[in-house]
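Chains as they are written, first to last, in my numbering: chain V, 1 to 240; chain U, 1001 to 1267.
One structure is given here, and the rest of the page talks about it.
The following block contains the structure:
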C-alpha cells in the first residue's frame, strides 16, 4: 500500500481562465491509485476544464498540477469525425498507442461492441460510439483514466453495465479514475471521493459526507439527498 | 521514343505525386485546403526572390512559404479576424505583391504562364534531384510524426491528453506543406498546386474505407493524373499544370460513380 501513497495527480490551488474570466480556480485535490474521484457540479461549473488542466489540454493560469504518470487515457465528452476521414473502429482503437489485436477485441467485448470492429466510426450511434471510446481508453491499460460523462447516449441498462465495468476496471488495473458524472447513484455507490465544483470547490469528501454538506444541498436541492437514502436501502446486495 | 524533356517531366511529376498523395489526405482531413492555397500563392513571391537574388527556386519558395505559414499562425493568435478572412488576406496579398515585383523586374524575362500553371519544358535534372530528395525527406519526416499528427487530426484534445504532443506535429506538418509546394511549383504552377493535393485525395476518399487505403489510392490517383496529364500536355500542346489537374478531375468524377454504387448498396 505504500506506493499508493504517491498520488498519480495532485492539484494545488489550480485555476484556468478564458480571457479575463476565471472558468475555475482554487482547485486542490489528488487522485491515488485504485481511487475513483468524481467531479460533480452544474453546467459551466468547470468540471471539464478541471479535467483538461489535469490532461495538459489547458495550461493552468495559477496554481500547479503535479502529474506522476504518463500512462493516461481520456474519454472526452464529444468527438466529431469528419466524413472525409474514413476511420474504422479498429483504426480508432490504436489512435495513440499500438495495441495488440486480441487486446482490442478484448476491450471491445468488455463494452459489448466487438461486432462493430470493422465499422466506420462515423456510422455508429451515440451510444455505440461512447462504448468504443471507453473500450479504447481501457485497452490502453492506463494508470490514470479520465472519463467525461462517459455513458451519455447509452440506454439505461447499458449505463448500469458500463458503470459496473468502470468500477471493475479500477479494481482490476488498480488505476486512478477521474470521473465527471451526473449519475448520483453511481457517484454515491462506487466513488471514493466526490468534489463538488461551482467555479471553485464547493465541498468535497466521501459521497455521504458531501451529500450531507449544506453547500451541496444548496447547489443540487433537497431531492438529491433523498436519492442517496433511496440508494442506501439497497446497500446489502452485491455487485458482481 | 520520347524527347528527353518529357522523360524528365514524367520522372519529376511522379515524384511530386507520390509526396502530394499522403499530404493531400492530411490537407483534406484537417480542412486545410485554403491554407494550402495561401501557401502556394505566396510561392510566387518566393519565385521573384529566387530570380532577384539568383538562388534556387525551390529553396526560395520553401523559405517564403514557411515564413508566410509562420506569419499566419502568429496572426491567428494575435488578431480577431476570422481564419478564412486572414487566409484570404495573406493569399491575395502575397500573390499581388509577387505579381507587382515581377512587373518591376524588367531586366529579367519571365514566363508568367509557366509560373502560374507549370511548365514541363522547364524541368531540369537539378529539379528531378530536388523533387526526389526533397520528397524523400518530406515523406520521411511525415512517417516519423504520422501517429501524433493523425491522432491530432482525429481529435486534438485526445492527442494532447495522451501525450502525443499535437502542437509539435501540427507545426512540423505546416513546414512539410511549404516543402511540398516548393518541390511541385515547376510541375503544376502556383495556382494549381492545391488541386494536386486535394483532387486525388478526394477521389481516394470516394473509394476507400480506411485511412491507409485512402493514402495509397491518393498516391495512385496522383501518379495516374501526372502520367495522363503529361501525355495529353504533349499531345495537345497544353500547359502541364491544367492538364494534370484536368486528368485528376476526370478520375474524381469516375470515383463518384463507385461512391454512388456503394451508398446504394448500404441502403
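Ideal placement from N, C-alpha and C gives every residue a C-beta, glycine not left out.
Every value quoted in this text rests on a predicted model; they were computed, and no experiment measured them.
Cβ neighbours of residue 1017 of chain U in the same chain (closer than 6 Å, five flanking residues each side left out): Once the five neighbours on either side are set aside, the close Cβ partners of residue 1017 of chain U are 1222, 1223 and 1226.
Proximity test, Cβ basis, 9 Å: residue 56 of chain V and chain U: Taking 9 Å as the threshold, the shortest C-beta distance from residue 56 of chain V to chain U falls below it.
Contained alpha helix (DSSP H) runs [length at least 4] in the segment 1117-1169 of chain U, N- to C-terminal order: Within the segment 1117-1169 of chain U, the complete alpha helix (DSSP H) runs of at least 4 residues are 1125-1154 and 1156-1161.
Any C-beta of chain V under 9 Å from that of residue 1251 of chain U: Chain V contact via Cβ: absent.
Three-state class that DSSP yields for residue 240 of chain V in the structure shown: Low local confidence applies: a pLDDT of 44 at residue 240 of chain V is under 50, so the model's placement there is unreliable, with the coordinate-based value given in what follows. Assigned with DSSP and collapsed to three states, residue 240 of chain V falls in coil, not helix or strand.
Residue-level contact to chain U via CB, residue 239 of chain V, 9 Å cutoff: Because residue 239 of chain V carries a pLDDT of 48, less than 50, the predicted location of this residue cannot be relied on, and no value is offered for it.
Cβ neighbours of residue 71 of chain V in the same chain (closer than 6 Å, five flanking residues each side left out): 142 and 143.
Identity of the residue in V/219, V/173, V/197 and V/110 nearest residue 180 of chain V by Cα: Each of V/219, V/173, V/197 and V/110 was checked against the Cα of residue 180 of chain V, and the nearest Cα belongs to V/197.
Residue 129 of chain V at chain U interface by Cβ criterion, 9 Å: By this cut-off, residue 129 of chain V is not an interface position.
Where residue 1041 of chain U falls: helix, strand or coil (DSSP): The answer is helix: DSSP assigns residue 1041 of chain U an H, G or I state.
Straight-line gap, residue 1161 of chain U to residue 1152 of chain U (C-alpha atoms, nearest Å): Rounded to the nearest whole angstrom, the CA to CA distance from residue 1161 of chain U to residue 1152 of chain U is 10 Å.
Ranges of the beta strand (DSSP E) found wholly within the segment 1024-1072 of chain U, counting only runs of at least 3: List check, beta strand (DSSP E) in window: nothing returned.
Interfacial residues, the segment 1147-1173 of chain U to chain V, with Cβ spacing under 9 Å: Under the 9 Å Cβ criterion, the segment 1147-1173 of chain U contributes 1147, 1148, 1150, 1151, 1153, 1154, 1155, 1156, 1157, 1158, 1159, 1160, 1161, 1162, 1163 and 1164.
Closest residue to residue 1036 of chain U among U/1147, U/1166, U/1198 and U/1060 (Cα-Cα distance): Selected option, being the one with the closest Cα: U/1198.
Where residue 1200 of chain U falls, given that 16 or more other Cβ within 10 Å makes a residue buried: By the 10 Å Cβ count, residue 1200 of chain U comes out buried.
Contacting positions in the segment 1189-1211 of chain U - beta carbon closer than 7 Å to chain V: Answer in chain order: 1205, 1208, 1209, 1210 and 1211.
Of the listed residues V/139, V/81 and V/170, nearest to residue 126 of chain V (C-alpha basis): Of the candidates V/139, V/81 and V/170, the one whose C-alpha sits nearest the C-alpha of residue 126 of chain V is V/81.
Coil, strand or helix - residue 100 of chain V by DSSP: Coil.
Reference residue 1020 of chain U; option with closest CA among U/1135, U/1146, U/1236 and U/1128: Among U/1135, U/1146, U/1236 and U/1128, the Cα nearest to that of residue 1020 of chain U belongs to U/1135.
Beta strand (DSSP E) runs contained entirely in the segment 44-92 of chain V, provided each spans 3 or more residues: Counting only runs of 3 or more, we get 62-67 and 72-75.
Proximity of residue 1069 of chain U and residue 1194 of chain U at Cβ, strictly below 9 Å: Taking 9 Å as the Cβ cut-off, residue 1069 of chain U and residue 1194 of chain U do not qualify as a contacting pair.
Distance between beta carbons of residue 36 of chain V and residue 177 of chain V, contact taken as under 8 Å: Contact holds; Cβ gap of about 5 Å.
Cβ-Cβ distance between residue 189 of chain V and residue 34 of chain V below 9 Å: The answer is no: Cβ separation not under 9 Å.
Alpha helix (DSSP H) runs contained entirely in the segment 1076-1116 of chain U, provided each spans 4 or more residues: Within the segment 1076-1116 of chain U, the complete alpha helix (DSSP H) segments at least 4 residues long are 1083-1104, listed from N- to C-terminus.
Cβ contact check for the segment 58-65 of chain V and the segment 7-27 of chain V: 3 or more pairs under 8 Å: Yes, since at least three Cβ pairs between the segment 58-65 of chain V and the segment 7-27 of chain V fall closer than 8 Å, the two stretches touch.
Chain-ordered chain U contacts of residue 82 of chain V [CB-CB under 8 Å]: Within chain U, the residues near residue 82 of chain V are 1029 and 1031.
CB contact below 9 Å: residue 156 of chain V versus chain U: Using a Cβ-Cβ cut-off of 9 Å, residue 156 of chain V does not count as an interface residue toward chain U, since no Cβ of chain U sits closer than that to its own.
Start-to-end residues for the beta strand (DSSP E) that takes in residue 147 of chain V: DSSP places residue 147 of chain V inside the beta strand (DSSP E), whose first and last residues are 144-148.
N- and C-terminal bounds of the beta strand (DSSP E) containing residue 256 of chain V: There is no way to answer for residue 256 of chain V, as the model of chain V reaches only from 1 to 240.
Best match in U/1085, U/1156, U/1101 and U/1054 for proximity to residue 1038 of chain U [C-alpha to C-alpha]: Of the candidates U/1085, U/1156, U/1101 and U/1054, the one whose C-alpha sits nearest the C-alpha of residue 1038 of chain U is U/1085.
Alpha carbon of residue 1289 of chain U to alpha carbon of residue 1122 of chain U, nearest angstrom: Absent from the structure is residue 1289 of chain U, since the part of chain U shown begins at 1001 and ends at 1267.
Close Cβ partners of residue 1015 of chain U (< 6 Å) along its chain, the five nearest in sequence each way excluded: In the same chain as residue 1015 of chain U, and ignoring 5 residues on each side of it, the C-beta atoms closer than 6 Å to its own belong to 1131, 1132 and 1135, in chain order.
Cβ separation of residue 1196 of chain U and residue 1207 of chain U, assumed to be a contact under 8 Å, to the nearest whole Å: The pair is not a contact, with the Cβ atoms about 18 Å apart (cut-off 8 Å).
CB contact check: residue 1076 of chain U to chain V, cutoff 9 Å: Residue-level contact by beta carbon fails for residue 1076 of chain U and chain V, as no gap is shorter than 9 Å.
Close-in-space but distant-in-sequence residues of the same chain around residue 112 of chain V (CB under 7 Å, 5 per side omitted): Only 131 meet the Cβ criterion.
Residue 1042 of chain U vs residue 1103 of chain U beta-carbon contact at 9 Å: Taking 9 Å as the Cβ cut-off, residue 1042 of chain U and residue 1103 of chain U do not qualify as a contacting pair.
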